[in-house]
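One structure is given below, encoded as structure tokens.
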Amino acid sequence: MKGKRKELASAIHDGEEYRPGDCVLINPDASAPAYIARIKKLIQIGADPTDVELEVTWFYRPEEAIGGRKAFHGEAEVFDSDHQDKAPLAAILGRCMVHNVTRWESLPERTENDFFSRFKYKPRTKQFEPDRVPVYCLCELPYNPDRPMVMCDACDEWYHPSCLQLNAEVLQQEHFTCPSCAATRPQPKKQRSGAGAPAGTSNGTGAAPLQPGAPATATAV
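Numbering-wise, the UniProt record's numbering puts 101 at position 101 of the sequence shown, and it's gapless, one number per residue.
This is the structure in structure tokens:
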């Protein structure tokens with residue numbers, strides 16, 4: 001069977017079964033963080049059933065992409081990509097999960113192997129999809145899931161408490177009026193939708209928060 005390739009439905013490594021579609025951590029070079037990949041195919045490449053090759057699509061950490069890590073990138077954020085490659089089954093360090101933003105935010109508990117993705121990176125052309133996203137708050141930065149925001153009842157704008165020199169307790173308030181609106185109008189009585197993240201911060205496909213309201217400006221990724 002030497003030289004003959006056979007596509008497998010699954011393969012076992014270190015007692016764990018892996019299938020196409022699984023996200024895995026791959027042994028890195030030197031002391032770099034583990035690589036993150038999604039398995040596309042499992043190919044037996046010889047007579048030995050343990051001689052298995054992975055066809056994978058890589059995820060990129062922000063530090064690995066053009067422009068590097070930016071202020072709005074979450075600690076657990078990775079970018080999907082169109083970079084396909086091969087790796088030996090034996091290089092798998094373990095399983096991980098890459099969620100969309102909504103799913104990641106709703107996890108009751110997160111581990112160091114839970115990541116989220118909302119952008120796709122094309123390393124060959126050094127482009128992102130989407131390439132422009134809304135900005136919020138006085139800092140005019142895109143949404144970062146690690147930094148909860150609160151919405152002003154009066155102007156419907158979202159703010160980081162720290163950017164208003166307020167503490168995080170405002171995130172728990174039933175009503176909130178930003179300092180600018182509080183200085184010019186009485187506080188409205190309408191019900192807030194809640195604090196934490198702009199409505200519609202993810203479209204359920206891993207894309208960026210494109211429609212959280214009507215931001216006045218957008219920024220290139």
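Glycine included, each C-beta is placed from N, C-alpha and C at the ideal position.
Outcome for residue i when other beta-carbon atoms lying within 10 angstroms are tallied against a minimum of 16
| i | result |
| --- | --- |
| residue 61 | buried |
| residue 14 | exposed |
| residue 200 | In this prediction, residue 200 has a pLDDT of 46, which is less than 50 and means its spatial position is unreliable; what the coordinates show is noted afterwards. So residue 200 ends up on the exposed side. |
| residue 156 | exposed |
| residue 53 | buried |
| residue 38 | buried |
| residue 9 | exposed |
| residue 80 | buried |
| residue 47 | exposed |
| residue 154 | buried |
Delimiting residues of the alpha helix (DSSP H) encompassing residue i
| i | result |
| --- | --- |
| residue 142 | No alpha helix (DSSP H) contains residue 142, which DSSP labels as neither H nor E. |
| residue 182 | 179-182 |
| residue 170 | Unbroken run through residue 170: none, as it is neither H nor E. |
| residue 101 | 101-106 |
Other residues of its chain near residue i: CB distance less than 6 Å, five sequence neighbours each side excluded
| i | result |
| --- | --- |
| residue 30 | none |
| residue 84 | 57 |
| residue 142 | 72, 133, 135 |
| residue 45 | 5, 51, 53 |
| residue 122 | 82 |
Contacts around residue i, its chain only, beta-carbon distance under 7 Å, and the 5 residues preceding and following it disregarded
| i | result |
| --- | --- |
| residue 78 | 36, 59, 60, 61, 98, 115, 117 |
| residue 163 | 137, 138, 139 |
| residue 161 | 150, 167, 168, 170, 171 |
| residue 126 | 66 |
Test item: CB-CB of residue i and residue j under 8 Å
| i | j | result |
| --- | --- | --- |
| residue 86 | residue 55 | yes |
| residue 159 | residue 181 | no |
| residue 145 | residue 105 | yes |
| residue 93 | residue 43 | no |
| residue 152 | residue 184 | no |
| residue 107 | residue 11 | no |
| residue 7 | residue 40 | no |
Cβ-based neighbour list, residue i, same chain, cut-off 8 Å, excluding 5 preceding and 5 following
| i | result |
| --- | --- |
| residue 95 | 16, 18, 22, 23, 24, 25, 113 |
| residue 179 | 164 |
Run of the beta strand (DSSP E) containing residue i, from where it starts to where it stops
| i | result |
| --- | --- |
| residue 135 | Taken as a continuous stretch (DSSP letters only), residue 135 belongs to no beta strand (DSSP E), as it is neither H nor E. |
| residue 56 | 52-59 |
| residue 116 | 114-116 |
| residue 13 | 11-13 |
| residue 39 | 35-44 |
| residue 86 | 84-88 |
| residue 165 | Per DSSP, residue 165 belongs to no beta strand (DSSP E) and is neither H nor E. |
| residue 24 | 23-26 |
| residue 119 | Element bounds for residue 119: n/a, residue is neither H nor E. |
| residue 6 | 6-8 |
| residue 17 | 16-18 |
| residue 128 | 127-129 |
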